[in-house]
Ligand SMILES: Nc1ncnc2c1ncn2[C@@H]1O[C@H](COP(=O)(O)OP(=O)(O)OP(=O)(O)O)[C@@H](O)[C@H]1O
Ligand SMILES: [Mg+2]
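Protein chains in written order, with this note's numbering: chain A, 38 to 277; chain B, 875 to 1750.
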């Protein structure tokens, strides 16, 4: 493992992510639609959390709040012990570029389609203010030899892999993935599960929205969400 | 530079349509800006050109006339002038020397003449016999009058015996051009001149011979003796400085300065009392050019600024469209912590180059196409730099707008609290902006009604009220806004149009309704374009026609040649060779007693007037018809004992049954018309046959549709005399009309740009909806809709847009131009007032263009349907 990817935020015992009383609602022309209500969630450093819930239950919304991509309507958000509820946009941007990476459901949404595989890696590192992690990382993430390929030449699973590799290359501590296997075939999904395991082993804090049994099989903490509320009662079932 | 930015310029090529749009936006903006600069700058050039072409070639430089006390003085002045001319870069000086009118005796008979000399004169007269340069050259008129011929030696009481006649030359005419132009007053007797004021010159080709006539100083000292005996003692001296016409205002200003310097030199060295006149005609030309340019600038500048602001808004739309197409990438960048401003610079790197290339192309196009709009093709020094600067500033502003718009929109899209804005926007949409422009239109309409042009006496150019000038455009903008709102409102409710059972209509209207904003926007834009073009064309046409009509009324015909002043019964007639295109009118100034007023009596021949009189304007022609039939009827009804002469009053002459005019003339008004060819003051038009035979006509004039030269030839060939001539095309100074034409000509440029924009956005809108159209069209075809129905439905959809824009735009534009045109009268003292001509050509072009655009757009849409593969479309 290279020097860069091991320099993580020093451990202080606080959770990596902490939500308290988070509400999110969308206002339409007629009414306000609550999507998340009273969500409390703590994710420790290096923890692997799977977010499960029916369609429309608010998984993606919750991930966006965790990824500092959306602000909650009320409640507070802490990242590594720092309250960012009222942080300015520049600070959120800095956190997003260096510490928290959101991986979207659609593989194409996570990559610059006009850059080659290696260039994507370099571009993401540049955005985080880091040096190019180089072909070694690709090799390690099982993408060896694809460096000069255009991203479209990769399978969906390889694309999601590359997206996760980019997060590693950028040295982010937290990776949030929204149903990363849902649009993939069997083989591709396995690649992603494998990569997520790798990330977990690297000590990356992972929150993944998914129903994929292969993921649940890795033994993460499962958080269930329904109608915008977390169900603490059922939360334990998953860990069992 | 980070990779996504570094690669941006290349990435742009993946979406050539975005590049094209950006390039086009840059082009249009730069075109408008540089066209405005070139246009305004060339107004000064055009005005200088126009003015310089109106004065004699020899009067472009300094114009000096003096009467030194003695001949030596003239010679001295000429050499001084030559020196000064050389010093200030003139090629030389042409000196003319003219005595007063002398009585020359040829044996028994005698005739009046001036003795004259001018540098190079022998090349400039047509010799009919003889040609030796050591004697006198006498005009044919004098030879005929006195019977003098080659070899005869005239005598003069003061000068004694003069040298022999060595040539007879053809009398000079007023041509308003060439070598004699500047001397016409001195060498061609005027019709109203008294006999001692002017006479044709007897030329002395050798200046030294002329010097020998100089009487001893004693005679000069006794100037009191008798005018006609001593008038040979002084020489009116003209100093002319031939020079090429300046082509730019800068050249004109330089020439003006050099000319001033020469005039100042001469003024410093010659006794002030010696000067008849000295000055520089260019003075006034430059001043007029400045005024003309100021007027046009005043009118064009606000309009250009508004257009450019709208253009920058268009640039913002390009930016919004870019963000829409690249939302995915923008979101990715933003998710990874890139600021909205940096996303803006990402857009800049993609679109900046095409915008800059487009700007350069716009500057180039405006320069190349200036022949189509600018008053002059000549580029002033540095004007391209000015235009380039304007384009540069604008390009910088465009790039700024691109970055700022993308940044702001990205901010709103990704990080702003969402709900505040949409409400504000939906409220903004409800504000009736047309009311604001409507109120402005009313305001400017009121100012227009008070008079948009104020013509001060003595001024050539009218003062212009720019607010009033904006009236027709404001009307068009307001109507475009109202139409857009009305169309939008109708489309929202179009589902109620259940009475339209035909599927083609249903499809077409449904599609229109679905595209909503786009259809409304394109319609408004196209309507605006058509309206602005109609306004520009209408006012320009009105000014052009008004200039023609007013100069026609001023002169009375294409050419007017004064032929004498005899009594009505003296048998004055038009020679047969030109009779079929000419008529004779006689003019007398007289006064009537009650009310006391100076009036003109215009004697016409009702049966021939239409052959020569100017009938080029519909209103004037019908006035002539009316007047002639009134005169004929009155003449027929007249008893033999009636002494009152039937008269048609024109231009505010008093009405009355028995108006007593001078020389025993009694007029009785039998009709009244607003204007009549050749009439510019209160006048009674009377028929020649009804006027008492002893009535003296001050001037007989041949009015003709032929050029003056042909008329003069015809008259002279028939043995008649001609005194002076005027031609319609040069009689009236066109500069005030041109100034208005230049102003609205630029509006036509803007209209053209709008039209190009409207057409492009229509085609683009169809191209953008291509997949959607293709899918729904292809599905409809599969569901059994016939292709013909589909084509008709597109024709309904696009025809509604095109038809609405063309019809409403043309009607409103022409109507507004009509309202404005009559108030924009640079010469209100001359009838008729300007009126926008029925734009036959414009309407035909509009019709063809509308059909072509609707046809092309339909073809584009239907082609997409026919080539669509439904399976692929659905999967994508
Ligand atoms: N921008 C928005 N405006 C209005 N409502 C929204 C918006 N985004 C999401 N919603 C609503 O919020 C609710 C939760 O959406 P979310 O995407 O978080 O659910 P999800 O659990 O991710 O569902 P899925 O499994 O389908 O992805 C849904 O009812 C959705 O309709
Ligand atoms: Mg989701």
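Just so you know, even glycine gets a beta-carbon here, dropped at the ideal spot from N, CA and C.
Given a cut-off of 9 Å on the beta-carbon distance, is the pair residue i and residue j in contact?
i               : j               : result
residue 1011(B) : residue 1076(B) : yes
residue 1172(B) : residue 1229(B) : no
residue 1589(B) : residue 1452(B) : yes
residue 1700(B) : residue 1620(B) : no
residue 100(A)  : residue 253(A)  : no
residue 1631(B) : residue 1399(B) : yes
residue 1211(B) : residue 224(A)  : no
residue 1334(B) : residue 1326(B) : no
residue 251(A)  : residue 84(A)   : no
residue 1579(B) : residue 1456(B) : yes
residue 1654(B) : residue 1378(B) : no
residue 1402(B) : residue 1155(B) : no
residue 1522(B) : residue 1546(B) : yes
residue 1236(B) : residue 894(B)  : no
Can you list the residues of chain C that residue i reaches, using a CB-CB cut of under 8 Å?
i              : result
residue 888(B) : Looking for chain C here will not work: the only protein chains present are A and B.
Kindly list the residues whose CB is nearer than 8 Å to the CB of residue i, restricted to its own chain and excluding five residues on each side of it in sequence; keep chain order.
i              : result
residue 136(A) : 46, 116, 117, 209, 210 and 211
residue 840(B) : Coverage of chain B is limited to positions 875 through 1750, which leaves residue 840(B) absent and any answer about it impossible.
residue 107(A) : 61, 98 and 101
residue 277(A) : Only weak support is given to the placement of residue 277(A): the predicted model assigns it a pLDDT of 33, under 50, and the question is left unresolved by the model.
Under 7 Å Cβ to Cβ from residue i, same chain only, skipping five residues before and after it: list those, please.
i               : result
residue 1548(B) : 1497 and 1705
residue 1096(B) : Only weak support exists for where residue 1096(B) lies, its pLDDT of 40 falling under 50; the coordinates are left without a value.
residue 1050(B) : 1604
residue 1127(B) : 1160
residue 160(A)  : 149 and 152
residue 1002(B) : 1014, 1042, 1043 and 1044
residue 1124(B) : 1254 and 1255
residue 1672(B) : 1728, 1731 and 1732
residue 1135(B) : 962
residue 1222(B) : 1273, 1276 and 1277
Within the same chain, show all residues whose beta-carbon is closer than 6 Å to that of residue i, passing over the 5 residues directly before and after it, in chain order.
i               : result
residue 1045(B) : 1013, 1014, 1015 and 1074
residue 1395(B) : none
residue 147(A)  : 140, 141 and 200
residue 965(B)  : none
residue 1739(B) : 1648, 1651 and 1652
residue 1151(B) : 939
residue 1404(B) : 1679, 1680, 1683 and 1684
Let me confirm a value: residue i is counted as buried when at least 16 other C-beta atoms fall within 10 Å, else exposed. Which label applies?
i               : result
residue 42(A)   : The predicted model places residue 42(A) with a pLDDT of 41, which falls under 50 and marks its position as unreliable; any figure quoted below should be read in that light. Residue 42(A) is buried by the Cβ-count criterion.
residue 1057(B) : buried
residue 1724(B) : buried
residue 262(A)  : buried
residue 189(A)  : exposed
residue 915(B)  : buried
residue 63(A)   : exposed
residue 875(B)  : exposed
residue 1741(B) : exposed
residue 1350(B) : buried
residue 1661(B) : exposed
residue 1708(B) : buried
>> Please give the ranges of any alpha helix (DSSP H) in the segment 901-984 of chain B, keeping only runs that are unbroken, at least 4 residues long and fully inside the region.
In response: Within the segment 901-984 of chain B, the complete alpha helix (DSSP H) runs of at least 4 residues are 945-961.
> In chain order, what residues of the segment 147-172 of chain A put their CB closer than 9 Å to some CB of chain B?
Replying inline: 147, 148, 149, 150, 151, 152, 156, 157, 159, 160, 161, 163, 164 and 165
>> Give me the subset of the segment 1388-1417 of chain B whose CB atoms are less than 8 Å from a CB atom of chain A, sorted by chain position.
In response: none
> What residues in the segment 203-219 of chain A have a beta carbon less than 8 Å from any beta carbon of chain B?
Replying inline: 207
> When you check each C-beta in the segment 46-78 of chain A against every C-beta of chain B, which residues fall closer than 7 Å?
Replying inline: Within the segment 46-78 of chain A, the qualifying residues are 64.
>> Extract the residue ranges of the alpha helix (DSSP H) inside the segment 1406-1491 of chain B, only unbroken runs of 4 or more that lie entirely within it.
In response: Within the segment 1406-1491 of chain B, the complete alpha helix (DSSP H) runs of at least 4 residues are 1483-1486.
>> Please identify, using Cβ separations under 8 Å, the residues of the segment 881-914 of chain B that lie next to chain A, in order along the chain.
In response: 881, 884, 885 and 888
> the segment 1206-1218 of chain B: which residues have C-beta closer than 7 Å to a C-beta of chain A, in chain order?
Replying inline: 1206, 1209, 1210, 1211, 1212 and 1213
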